Every structure is written in structure tokens, then in C-alpha cells.
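The sequence shown maps to residues 14 to 406 in my numbering. Glycine included, each C-beta is placed from N, C-alpha and C at the ideal position. Predicted, not measured: the structure shown is a model, and the values here were computed from it. Read through the structure below, which is laid out as C-alpha cells, and then see the notes.
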Amino acid sequence: MVEEDIISTLPDLILRHILSFLETKHAVTTSILSKRWKNLYRSVPVLHFKTTATDEAAYFRFINFVSSVFLSRDLAFSVKTFHLDFTYHDYQIIYPRSPMEIVTAWINVIVLLGVECIDLCVELEKTIGFTKLPISILTCNTLVVLNLHCFGVEEALSPVDLPSLKILQLDNIWFPKVRDLMLFLNGCPILEDLFTFNVLFDSEESLTYDEWKSFCLSNLIQANIDCFFSHFPLKAVHNVHSLRLQIHHDKVNYLNDFIPTFHNLTKLELNSLDYGWQFLIKVLNHSPKLQELNIDQAHLNKETWTRKDDKENWVDPDVVPQCLSLHLRACNLFNFLGLPGELLLARYILKHARVLQTMDIMNVGLANINGLISSCPRASATCELTVYDSPLE
């Protein structure tokens with residue numbers, strides 16, 4: 014008895030959806046299954062290409078394959094999502110068209126096809142630096158999600174007009190000046206979610222006073238900002254509701270001078286705080302509505318775990334931050350070594366946070382700190398304190 018091919022009886026819409034979970038090279042291979050499948054790959058809403066070409070032959074195979082997919086595309090169907098992860102460093106001769114010219118041509122096509130999500134990582138010549146960003150992306154009015162990895166944005170930046178963009182990820186991106194990044198963001202008026210990592214600048218020149226007055230990411234809900242490698246202007250994300258900052262002790266003094274008031278901030282995560290207590294207090298003073306505070310002191314490295322003293326002494330501030338007195342409900346302290354400043358911080362929060370409901374401490378120090386903290390006076394009668402001991406060997 015021949016088993017019935019149930020999958021092939023499904024509507025084309027369902028089959029396209031199934032194929033959208035595959036890399037395009039696998040989706041194309043389904044064309045040999047039967048006449049029913051022969052042309053389905055041509056209308057799948059997701060194009061997903063990934064390769065690391067190790068030699069010239071592999072490079073040409075990949076370029077020819079992607080180009081053939083575009084040439085066979087049924088233009089009656091839009092491309093909703095385009096993933097391209099392409100690495101090739103070893104070419105020596107000059108081709109009729111450079112690799113980036115070909116990639117740019119692909120981007121131009123998917124922009125015309127109404128793409129909603131672009132996830133782009135193109136690493137070409139190691140010696141030249143960041144790959145130039147295709148400018149057609151910057152005026153794609155259908156784009157909702159944009160993830161960029163390893164690109165450079167030139168100083169002669171075309172006007173950015175991304176009226177539908179809600180999610181932006183910038184990973185290893187170079188801008189000539191800070192102001193170029195600000196102009197980029199200013200072209201995303203309904204942006205809700207921003208992630209930056211290793212965003213680099215040649216110049217710290219930013220917007221003028223009048224330009225800042227017109228700059229507003231009023232829809233921004235959450236931001237994950239790397240201030241470890243570069244000076245990101247926090248003023249750009251002052252409207253955010255949830256903020257994660259990765260900082261470096263060498264840049265704390267710089268950041269101290271540029272902390273805006275986060276009027277809407279209810280959740281804050283500080284990574285690699287490295288015992289920068291003055292910075293922490295200043296951020297708390299500028300976050301009047303904060304409800305959840307998560308602090309991860311430092312990276313997991315040998316220098317961290319062999320330290321015996323705080324880099325900066327804890328000093329109780331003259332005025333208790335408003336968020337502690339009125340709003341803070343949850344506090345989580347990660348990679349807690351039990352150093353004097355950490356203990357004073359925990360005690361200070363317990364003493365002044367009137368509506369605190371939970372404080373969780375992930376203790377990686379060798380000493381049992383539970384007794385040192387549990388006896389501390391608490392402003393909140395309902396606060397539950399939990400210490401998880403997980404000492405490092």
C-alpha cells in the first residue's frame with residue numbers, strides 16, 4: 014500500500030511557510046521532489062544565504078547560486094526577510110564586478126520587492142576595513158527590522174528615511190563621527206528596540222544644540238547599549254523604558270558627564286559596572302521611576318576573581334535617590350564577591366527601598382555573606398532576600 018503524501022496536498026501558502034525555515038540552498042533542492050514542488054522555492058518569502066568562501070571557486074559558486082535564485086524569482090511575491098552572511102577575504106584579481114557591487118545589486122532588488130527584515134553580515138577584504146553599507150537600505154520604507162554586522166557608513170551619508178523601522182541592531186559598525194550615528198537614528202522615527210555593540214567613530218563630534226532639540230526617539234521601548242568600546246551618547250536613548258548598559262571602568266568618568274534623565278526608565282541592567290559606585294548613584298538619581306535594577310559587576314576573568322579590594326570606596330549619597338524611596342521593587346546582584354563596597358550597596362538598598370519586594374544575590378565569593386546581609390535593617394517589611402552561593406574554585 015502506497016503511503017499518501019500528505020505534505021504535498023497542503024496549500025502553496027503553507028508549503029512556502031514551511032520552506033521559509035530552511036536556508037535557501039535547501040529550499041531550492043525541494044524542486045526535484047515533484048512537479049508540485051518544482052517552482053515553490055521561487056516564491057518563498059524568506060531568502061537565507063550563508064557561506065564562508067575559502068577560495069575563488071567557492072566564491073564563484075556562491076555568487077552564481079544567489080544570482081540564479083534572484084533571476085528565477087517570481088516577482089509577484091515579495092521578499093519579507095533577507096538573511097545574508099557572506100565572508101570572503103582571499104580574492105586577489107580584479108573581477109568585472111567587485112563582490113560588494115554584486116551584494117549591493119541583490120540589496121537593491123529586495124528593497125524593490127518590499128523587504129521587511131534585513132539581516133546583513135558581509136566581511137570582505139581584511140586589509141581595507143569595514144565594508145561599505147549599500148545606501149538603498151537607508152530609504153527602504155517597508156523595512157521593520159534591520160540587523161547590520163561589520164559595515165562602515167561613509168561621511169557623505171545619504172538622507173536616512175526608515176519610516177517603518179522598529180528594531181535596529183548595529184554590531185561592529187563604523188561611523189566617521191558620532192553625529193553620523195545620530196543622523197542615522199533620527200531617520201528612524203518609530204524605532205522601538207535598539208542594540209549596539211562595538212560602534213566606532215573617528216571623531217566624537219555630535220549634534221549641535223539645535224539639532225539635539227529636534228532629536229527624539231519617542232517610541233523607544235528598550236535599548237541594549239555597549240559603552241565598553243566606544244562613547245555612545247546616552248542622551249539619544251533618554252526616553253527608553255528598559256535599558257541595558259555594558260560599560261568599562263576607563264569610560265565611567267566620561268559617562269558621568271553625559272547622563273541624561275531617564276523619565277520613562279523602569280528596568281535597568283548594568284554590566285561590567287566594575288564597582289563604579291559614583292556612576293551607579295548618578296544613574297539612579299537620573300532614573301526617578303526605576304522599578305527593577307540588575308547589576309553584574311565584572312567580566313569573568315582572573316583579575317576580577319583575585320581582587321581583594323574595591324576600586325572605588327562606597328559613600329552613602331547625601332540624598333536617597335527617588336527611585337529607591339518610591340518605586341524600586343526588584344534588585345538582582347550578579348557575580349557578587351562580597352567586597353566591602355558590594356556589601357554596603359546591598360545594605361543601602363535594603364535600608365532605603367521602601368517598596369522592594371525581592372533582592373537576589375548571586376554570590377561567587379568564597380565567604381558566606383548571607384549572615385552579613387540578612388541582619389541589615391529593611392525599609393520594606395515584605396522584601397524577600399535570597400543569596401545563592403556559587404563560589405568559584
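- With a 10 Å radius around the Cβ and a threshold of 16 neighbouring Cβ atoms, Ala249 comes out buried.
- Our two residues, Asp373 and Arg367, have alpha carbons roughly 16 Å apart in a direct line.
- Taking the Cβ atoms as the reference, Leu233 lies roughly 6 Å from Leu204, within the contact range of under 8 Å.
- When secondary structure is reduced to three states using DSSP, Pro189 falls in the strand class.
- Spatial neighbours of Leu341 in its own chain (CB-CB distance under 8 Å, excluding positions within 5 residues in sequence) are listed in chain order as Leu303, Gln304, Glu305, Leu306, Ile362, Ala366, Val368 and Leu369.
- Listed in chain order, the beta strand (DSSP E) elements of length 3 or more contained wholly in the segment 225-294 are 235-240, 255-260 and 280-284.
- The C-alpha of Asn252 is placed about 18 Å away from the C-alpha of Asp223.
- Under DSSP, Met372 takes part in a beta bridge, and its partners are Cys344 and Leu398.
- Short of 6 Å from the beta carbon of His96, and not among the five residues preceding or following it, lie these beta carbons of its own chain, in chain order: His61 and Asp132.
- Tyr401 has its alpha-carbon roughly 11 Å from the corresponding atom of Gly378.
- Residue environment for Ser285: buried (at least 16 other C-beta atoms within 10 angstroms of its C-beta).
- Leaving aside the five residues that flank Cys229 on each side, the residues in its chain whose CB is nearer than 8 Å to its CB run, in chain order, Asn252.
- Membership of Ile20 in any alpha helix (DSSP H) is not indicated, and neither H nor E is assigned to it by DSSP.
- DSSP, read as helix, strand or coil, puts Lys179 in coil.
- In this structure, Val212 sits near Ile186, with a CB-CB distance shorter than 7 Å.
- With fewer than 16 neighbouring CB atoms inside 10 Å of its own CB, Asp68 falls in the exposed class.
- Along the length of the segment 198-222, whole beta strand (DSSP E) runs at least 3 residues long occupy 206-210 and 213-216, reported in chain order.
- A residue is called buried once 16 or more other Cβ atoms fall within 10 Å of its Cβ, and His299 is buried on that count.
- Judged by beta-carbon spacing, Ser388 lies beyond the 7 Å limit of Leu398, meaning their Cβ atoms are not closer than that value.
- Contact between Leu247 and Phe208 is ruled out by a C-beta separation of about 15 Å, above the 8 Å threshold.
- The alpha carbon of Lys63 has as its nearest neighbour, out of Asp329, Ile382, Phe75 and Asn326, the alpha carbon of Phe75.
- Rounded to the nearest angstrom, the Cβ distance from Leu146 to Gly165 is 7 Å, consistent with a contact under 8 Å.
- Taking a 10 Å sphere around the C-beta of Ile19, we find fewer than 16 other C-beta atoms and assign the residue as exposed.
- The beta carbon of Phe90 sits closer than 6 Å to those of Ser56, all from its chain and outside the five residues before and after it, given in chain order.
- Relative to the Cα of Val135, the nearest Cα in the group Ile123, Leu125 and Ile115 belongs to Ile115.
- Between Asn121 and Ser149, the CB-CB gap stays under 7 Å.
- The criterion of a C-beta distance shorter than 7 Å is satisfied by Leu278 and Leu256.
- Taking C-beta atoms as the reference points, Trp327 and Gly351 fail to come closer than 7 Å.
- The C-beta of Thr37 has 16 or more other C-beta atoms within 10 Å across all chains shown, which makes the residue buried.
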